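Residue numbers (full-length UniProt numbering): 1 to 190.
Just so you know, even glycine gets a beta-carbon here, dropped at the ideal spot from N, CA and C.
Just so we're clear, the structure is a prediction, and the values are computed from it rather than from any experiment.
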């Protein structure tokens, strides 16, 4: 697609439609794991709008890491916007609304809490690399492109991140994970 001839709009359109069909679900899943189902479609759609605008720069067979990098930047912008909105909402009300968790979801949430707490203790880049490799199925070379570092640097960071995750999971007893969950539960809002 990046090497199509100028003046071939139909060809560009067909190639982009094929790109969209091939990668939309992966980009949507990537976004959903980071911003939730409510905003994932927006992030994925914005990533493809940018891809359409920059379609001539896309390198064939390397589109997915590029799309992940684009979605990552959009996700970070969404998260910053949400944090600003949360601060505004907190300043307007003294006691934010609280929502309890249904009992049938509680066990699943508690199980995930330890892993999420361990992930939260990593640096932002380490966390992103681990999630790209583990959740998105990228290899370390592709993940390196997404976060903007060399392949060797990404491999080193992944190695250290995995060691730290293992150590964090081993040192966090179940009772601490449940306590952390209960503390976070009071802050959850819809």
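Would residue i pass as a contact of residue j if the rule is Cβ separation under 8 Å?
{"i": "residue 132", "j": "residue 152", "result": "no"}
{"i": "residue 161", "j": "residue 138", "result": "no"}
{"i": "residue 75", "j": "residue 27", "result": "no"}
{"i": "residue 144", "j": "residue 154", "result": "yes"}
{"i": "residue 135", "j": "residue 33", "result": "yes"}
{"i": "residue 16", "j": "residue 52", "result": "yes"}
Mind checking residue i: buried by the 16 CB within 10 Å criterion, or exposed?
{"i": "residue 142", "result": "buried"}
{"i": "residue 58", "result": "buried"}
{"i": "residue 79", "result": "exposed"}
{"i": "residue 126", "result": "buried"}
{"i": "residue 77", "result": "exposed"}
If you follow the alpha helix (DSSP H) that residue i is in, where does it begin and where does it stop?
{"i": "residue 38", "result": "37-53"}
{"i": "residue 231", "result": "Outside the displayed span of the chain (1 to 190) sits residue 231, for which this structure offers no information."}
{"i": "residue 58", "result": "Taken as a continuous stretch (DSSP letters only), residue 58 belongs to no alpha helix (DSSP H), as it is neither H nor E."}
{"i": "residue 123", "result": "From DSSP, residue 123 is part of no alpha helix (DSSP H); its letter is neither H nor E."}
In angstroms, rounded to a whole number, what distance separates the CA positions of residue i and residue j?
{"i": "residue 140", "j": "residue 11", "result": "32 Å"}
{"i": "residue 171", "j": "residue 164", "result": "11 Å"}
{"i": "residue 64", "j": "residue 71", "result": "10 Å"}
{"i": "residue 114", "j": "residue 122", "result": "13 Å"}
{"i": "residue 61", "j": "residue 124", "result": "27 Å"}
{"i": "residue 31", "j": "residue 37", "result": "8 Å"}
{"i": "residue 24", "j": "residue 169", "result": "33 Å"}
{"i": "residue 86", "j": "residue 41", "result": "21 Å"}
{"i": "residue 157", "j": "residue 82", "result": "28 Å"}
With a threshold of 8 Å, are at least 3 pairs of Cβ atoms found where one atom belongs to the region 114-122 and the other to the region 34-53? Contact fails: fewer than three Cβ-Cβ distances are below 8 Å.
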